[in-house]
Every structure is written in C-alpha cells, then in structure tokens.
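Input: a single structure, listed below in structure tokens.
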Amino acid sequence: MKRKKRRKNNIRYSKLLIIASLFLFALMIARVTQLALSKEIDDTNLQALARKRTTKTDIIKAERGNIYSSDGEALAQNVSSYKLIAYLSPSRTTDEDNPQHVVDKEMTAEKLAGVLGCSKEEILKYLNKEGVYQTEFGTIGKGLTEITKSKIEELNLPGIDFIESFKRYYPKGDFASYVLGYAKEEVTTDDDGNEETNMTGEMGIEKYYDSTLKGEDGYTTYQKDLRGYKIAGTNEISKEASDGKDIYLTLNSSIQFFVEQALSDAEANYKYEWFTIMIADAKTGAILASSTSPSFDPNKRDITNYLDMNISSPYEPGSTMKIFTYMAAMEQGVYNGNETYHSGVYVTSDGTEIGDWNRAGWGDITFDRGFALSSNVGVINLIDRHLSADILRSYFKKLGFSKKTGIELPNEATGEVDFKYETEIFNAGFGQGITTTPVQNIQALTSLTNGGVMLKPYLVEKIVDPDTKEVVYKGKRTEVDTVASETTVNKIRELMWNTVNVPGMTGAGYRLDGYNLIGKTGTAQIADENGGGYLTGASDIISSFAGIYPNDDPKVIIYASVKRPEGGNQKVIWTAIKDIVVNISKYYGTDPDTTSEEKLSEYSLTSYKNKDTTSSKTELENMGMAVTVIGNGNKVVKQYPSKGDKVTAGTKVFLVTNDSNLTVPDVNGLSSKQAEDLLKLLGISVKLEGNGYVTGQSIGAGTPITDNMEITLTLSPKF
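In this text, residue positions in the sequence shown follow the working numbering: the first is 961, and each later residue adds one.
Here's what the structure looks like:
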C-alpha cells in the first residue's frame, strides 16, 4: 500500500512540474513576443538603445570665429592647446621593434618631469596605474603649449601622445576687455569617455555674438564593433562643421591704445573708484575706443566688476546734461543768450535752496555766460521761465535717454529720466536725480556733429565668413532722428567752445593752446543710498566731460567720467583727455604743434612677422626706433608694439625671433601695461607691485625663459 501511495505522489509531482514548466515557457514566449513587437519596454526605447550600442557619432568641432579691430589687429583668437596622454597597455604594440606603449616607466617619468617642471614621482603616479589602456596626467599635463609639445616630441618616448584642443586667447590682454568680454571653456565627457571642449561667450561681444562666433558643429555617424571601431563596408553619415564667423569691430587699435595708455597713467598717478572713457567717430557713430579702469585681462579673468560702465551701469551725469537742456530751449524757440538772471542761489516754491557751485554767484549774468560757468541757477531760470517738465522730459527722450541705443553689447541699461515735482525738474535740468549711460550721451552728442541728425552708435564694422571671405554683415551709419536745427547745433558748439577756451570758465582745465577742442564739464553729487539726499565729502562726486574734437571739422566725440577722484581732484580727468586729444590730433594729422618734418618721424608700425631679423632691425633703426631683438633666430615671429600701433622716433620696439632659447628682456622704463603686454608675448606671467612704470624686475634681463616663468615687476609713478 505504501508503495502505491508513493507512486501516486510521484506522478502528482511530475504533473505539477510539467505544468509549471509549460507555464514558465509560455511566459518566456509572451515576453519574447512583447520585446519583438514593442518599441518601448520599462520606459526604455529599445530601438534607440540598440542604435546607441551599435552606432557611434564623432563630433567635428567648429572653430570659433576671431575678433579683430577695424584695422585688422587680432583681439580674440583660438590657439592650440595640448593634453598629454600615455598608452599603458602592451596590447597596443604589435611590433616589439616599434613599441606603441610606455615600455620604460622610470626613464619616461624622468624625462617628462624635466620638461613639465614636476617631480619624477608625480609622473610615475600616473604611469603605474594598473589595468588601464591609457592615462592622463592631471593638471600638469593639460593646457600645454606648442613649444612644450615640441620639447616632449623631441624626446621620442614610446607610448606618449597628445590630444589637441583649442582655447580662447586675447593677444592684447586687458585691451578693450569690457567690449570683448571672454569665452569660457567647458569640458564635457561623452558615453565613450572622450572629452569635448565647448566655448561659450560670457561677456561683451563674445556673449552678444556667441552663436555667430561659435558656428555649427558637424558629425560623423557610423556602425561600430564591440571595441568601438568602425565596421568596414557599413554606411557612414557625415555633416561638415561650419566654422564661426570672424567679427571686425569699429574699434581703432591706435585710438583704443591712446585711451588705454591714458587710463594706465591715471591709475598709476591718481586714486579713484572707476574711470571710464568712450570715443566715437563724429560723422558715423562708430565706436573707436571704449575702456574702463579698473579693467581685467580676459586670459586671467581677474574681474572685479562684471558690468561695463559705458553700457550697463547708469549714473547721474551732472552738468553735461546742460547741453541738452539748453538745446530743448533753443528748439522751442524761447532761448535768448543775452537774457540775464541773478546767479548764486535759487529758492524754490517750497523753500528749498539750490545753489551754483559758487554759491556767492557772479551777480547778474547772461544765459550764455551761465552755460560756460556751469551755473545750476541758470538752468533753473531757463526751465522756470521757458520750459516745463513735459517739454524737458519729451526732449530728453527724443535724444534717446531712458531707452537702449541698441549697441551690439549685452546688458545695455536704459537709465531713468522720470521727474515730476518742481525740485526734481530743476535738478534734472543739470543732470541730478536722473540716470544715463555714456553710450546714450555719445548718441545724443552725435546730433552736434551731423547738423542736428542723431546717429546710432555701433560697434561692429563687418562680419566675415572665414572660408569664403564673404562679408555677411556690414555696419553702417544709421540716422535715428533729426533732433535739432543747424542754428541750435551751431549755438551749442559756440557755448561749448567758450566753456573750454575762454579763461576762467569751468572747462579751462581742458584747454590746449592751438587745439580746437570744445566741451562741457559735469560734476554730479553721489546719492546717499542709506540716508537719502547726497553725500557731501570732497571725493563724493562723479566728474564728467563731453567733448568734440576738433570743432571746425569734428573727427571724434569723447565722453569720460571718473568716480570719487581723491579729494575731488579734477586733474585726473583733465590730464587723460588732453593726452588723448594730443595723440588723436597726431593720428589724424591735425596737431598744430607738429611740423611737416616731425610728422615724417611718426609711423604706423608695419608687421615684421616672418621677415628677416637683421633687415627688420636695420629698417626700424633707420626710422629712429630703439630696437631690442629677443633671441638669435633669423626670422621675426612676434613684435611689440603691434602692427598698426602709432610710434615715433625713440619708441622701444621689441622683435621676438624664432629662437627656442629666448631670454628675458629689460622692461625697465616701460609702463605696467607695456611691460605686461611684452612679457605675455613671451609666455611669462607677471606680478605687479605698485603702480606706474617699471623700476625693477625680479628676474634679470638675459635670463633664459622657462615654462611657467613668473616675473615680479616693481612699479613707481611717473611725475
């Protein structure tokens, strides 16, 4: 009986096992059918997954476009950068006589350390990694220059290779840095572990025209095997990269240099919070120069203020606005320059006293004289007798204040010209209680050099396709509106001439004998952000100057402002503007003190790149230059100053040759900017101590230049 029962149990278990197996088999069939018929399982697209595992896409990087000045000086460009790698897997070598991996790690580490300037042990740390096909070398192996790469290649080390990439380089350092901005490199890693560098504009032209400069990447898509290699005979889909466009700015490298040098001298000799200068072509509105102190080097990104003071930071302009208040009265047909008023202090209807800078006044004076003396009370009487808030506000807005000019830079601010009550209206007439930007003032001032027609300021001269050389965009003179009559323009320019050139007037500090500079000064108090009202310290001012040069045939419009000059010292802005005007007059050939013979000794420096060293030196010395040749090469590879820069007899010119054993030059006597620019050409980092001109250098002239060299320059003001 027991045996029968056991047999029945075995049969029952066998049946259950068969049923369970059939059930599991049915589930498997159902799952296979589902996988075959469904496009997506568990939120995963099966077709996409299959393609991803069997296809590979290599990105073909588009090269970022370059940025140039109007005269062809490179201001932003791409330079090759290299990352060092080492192949460690012996599987890479198929011929023992020609090894393709690192064979002798000790020897390789020792030789690499000598070039990279690190210890042998640090290199071995990477070479001794186990179970890896290849290795990188951290920060010491990244960002290598062409020179360093060549030195390593000369060692003929098996298994050592490089990955080339590009980084953004600004050859002139802090030259026009707020206009240029910078492009930031970001490194990403794809699914196969390959690094990819992308550049994105973060400020200035680099940001505003990011998509234009960036271009469009291409790609190659193909079938791959398990090791990631292309399968022969399979289809390949490719799209070529479209490189970014080159942008030529309206900036004139010589005029920009004049501005940069003036600001550099100001920084060396005076104290202030910031100092900004913008210069435009008087006949077209093209921006010829734009700079701010303190500045920054886009290569270092040592930025203290991310906003361009000429574009993005409105402030109370002060008495330069009197130009436009007087224009409003003239355009209304109510201005009489011989009409008089009592200067000194004006008491408003609510008892508020508003005074001239000379509160004692000058007695009864005409409106014409009040303009040249920058009388606030004169403006108040002009508004009170002949204008209204609506008329003044409307005219300011007609001139473009309170709205963007549309210049080709990011983050342009609008400023505010809102005023309602009596005191607010009077204050607005002389530039207090309202805010404007320098570029807005430049735009409004173009009406005075174009017969009353206001021009749009612009910064891009042209955009060029680097492959076809086709000009895809051309900047041009653009008329915004007719805002004044010829009569108004002529009268305002007469008043501006008196302001600068009549002794005792407020612009007398800008007077240059023989030069026909005209302008209007401005001194605005700084608002107290905590307690309301205005700060009263001697330094708590913004001094401005709106100028035109020369008056008889205007070439340029100048707008400059300095915040908190120490002790309210106006010399800082006077000196800068006069230096710039003198240099511009030489550039345009309108210098009244330069004889024909002297003009012949002034040159626009040509390019000596790739020319014979000896003949280049001889040519420059024949022109009266003080030439220093760096290296013993037979060809010039770099020069300072650059092509197009204005030089005169006695100017120091440095020629860098194609010698691999270059030495440190003597930079004593150069300004901090000149010394920095020259040393950067040689790949030397600079640390500054003090302000002004170089009086000492930590590494002496004649010392061989090495990788990662840094020199400390001692600076002193030049009085």
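Even glycine gets a Cβ: it sits at the ideal position worked out from N, Cα and C. Just so it is clear, the structure is predicted and the values come from calculations on it, not from any experiment.
Where residue i sits in the DSSP three-state scheme
{"i": "N1038", "result": "strand"}
{"i": "T1157", "result": "strand"}
{"i": "W1234", "result": "strand"}
{"i": "E1439", "result": "strand"}
{"i": "G1098", "result": "helix"}
{"i": "M1414", "result": "strand"}
{"i": "T1326", "result": "strand"}
{"i": "F1126", "result": "strand"}
{"i": "G1178", "result": "strand"}
{"i": "I1020", "result": "strand"}
{"i": "P1050", "result": "helix"}
{"i": "K1205", "result": "coil"}
{"i": "Y1093", "result": "coil"}
{"i": "I1367", "result": "coil"}
{"i": "E1033", "result": "coil"}
{"i": "S981", "result": "helix"}
{"i": "I989", "result": "helix"}
{"i": "Q1216", "result": "helix"}
{"i": "T1068", "result": "helix"}
{"i": "I1045", "result": "strand"}
{"i": "Y1028", "result": "strand"}
{"i": "D1121", "result": "strand"}
Status (buried if at least 16 other CB within 10 Å, exposed otherwise) for residue i
{"i": "E1372", "result": "buried"}
{"i": "K1436", "result": "exposed"}
{"i": "M1456", "result": "buried"}
{"i": "N1212", "result": "buried"}
{"i": "T1655", "result": "exposed"}
{"i": "S1620", "result": "exposed"}
{"i": "D1328", "result": "buried"}
{"i": "N1582", "result": "exposed"}
{"i": "F1614", "result": "buried"}
{"i": "N1668", "result": "exposed"}
{"i": "S1602", "result": "buried"}
{"i": "Y1266", "result": "exposed"}
{"i": "L984", "result": "exposed"}
{"i": "K1357", "result": "exposed"}
{"i": "N1450", "result": "exposed"}
Residue i, enclosing alpha helix (DSSP H) - first and last residue
{"i": "K1434", "result": "Here K1434 belongs to no alpha helix (DSSP H); instead the beta strand (DSSP E) covers 1431 to 1434."}
{"i": "M1281", "result": "Run containing M1281: none; DSSP gives neither H nor E here."}
{"i": "K1569", "result": "Per DSSP, K1569 belongs to no alpha helix (DSSP H) and is neither H nor E."}
{"i": "Y1086", "result": "1080 to 1087"}
{"i": "D1637", "result": "1632 to 1641"}
{"i": "Y1600", "result": "No alpha helix (DSSP H) contains Y1600, which is instead part of the beta strand (DSSP E) from 1596 to 1600."}
Close-in-space but distant-in-sequence residues of the same chain around residue i (CB under 6 Å, 5 per side omitted)
{"i": "A1222", "result": "A1536, D1539, I1540"}
{"i": "S1250", "result": "V1139, M1238, N1270"}
{"i": "T1406", "result": "G1245, M1414, L1415"}
{"i": "K1065", "result": "L1087"}
{"i": "S1272", "result": "N1371, A1373"}
{"i": "Y1230", "result": "V1532"}
beta-carbon residue i near the ligand NAP non-hydrogen atom, thresh 8 Å
{"i": "S1250", "result": "The ligand NAP is absent from the structure shown, which contains no ligand whatsoever."}
Beta-carbon proximity list for residue i, same chain, < 8 Å, skipping 5 on both sides
{"i": "E1368", "result": "I1165, Y1168, Y1169, Y1418, L1419, V1420"}
{"i": "Q1060", "result": "Y1047, R1052, T1053, T1054, P1118, G1119"}
{"i": "K1633", "result": "G1133, D1134, E1220, Q1221, S1224"}
{"i": "V1516", "result": "I1215, I1239, A1240, D1241, A1242, L1248, I1508, Y1509, I1544"}
{"i": "Y1028", "result": "A1034, L1035, D1206, I1207, Y1208, L1209"}
{"i": "R1453", "result": "L1408, I1478, I1508, N1511"}
{"i": "E911", "result": "This structure leaves residue 911 out entirely; the chain is present only between 961 and 1679."}
Cβ-based neighbour list, residue i, same chain, cut-off 7 Å, excluding 5 preceding and 5 following
{"i": "R1261", "result": "Y1142"}
{"i": "G1204", "result": "A1022, E1023, R1024, G1025, T1172, L1173, K1174, G1175"}
{"i": "V1219", "result": "I1237, I1239, A1249, S1251, I1540"}
{"i": "A1288", "result": "L1347, I1351, L1352, Y1355"}
Residue i - containing beta strand (DSSP E), residue span
{"i": "Q1657", "result": "1653 to 1657"}
{"i": "Q1400", "result": "Q1400 -> not in any beta strand (DSSP E); alpha helix (DSSP H) instead, spanning 1398 to 1405."}
{"i": "E1056", "result": "That residue, E1056, is in no beta strand (DSSP E); it is neither H nor E in DSSP."}
{"i": "V1646", "result": "1645 to 1649"}
{"i": "A1136", "result": "Premise fails: A1136 is in no beta strand (DSSP E) and is neither H nor E."}
{"i": "F1614", "result": "1612 to 1617"}
{"i": "A1249", "result": "1247 to 1253"}
{"i": "A1586", "result": "1586 to 1590"}
{"i": "V1449", "result": "Segment 1446 to 1461 is the alpha helix (DSSP H) holding V1449; no beta strand (DSSP E) there."}
Every unbroken beta strand (DSSP E) inside the region 1469 to 1556 [3 residues or more]: 1478 to 1485, 1501 to 1509, 1516 to 1523
Can you list, in chain order, the stretches of the beta strand (DSSP E) that have 3 or more residues and sit fully within the region 1257 to 1324? 1300 to 1302, 1305 to 1307, 1313 to 1315
Ranges of the alpha helix (DSSP H) found wholly within the region 1333 to 1357, counting only runs of at least 4: 1336 to 1346
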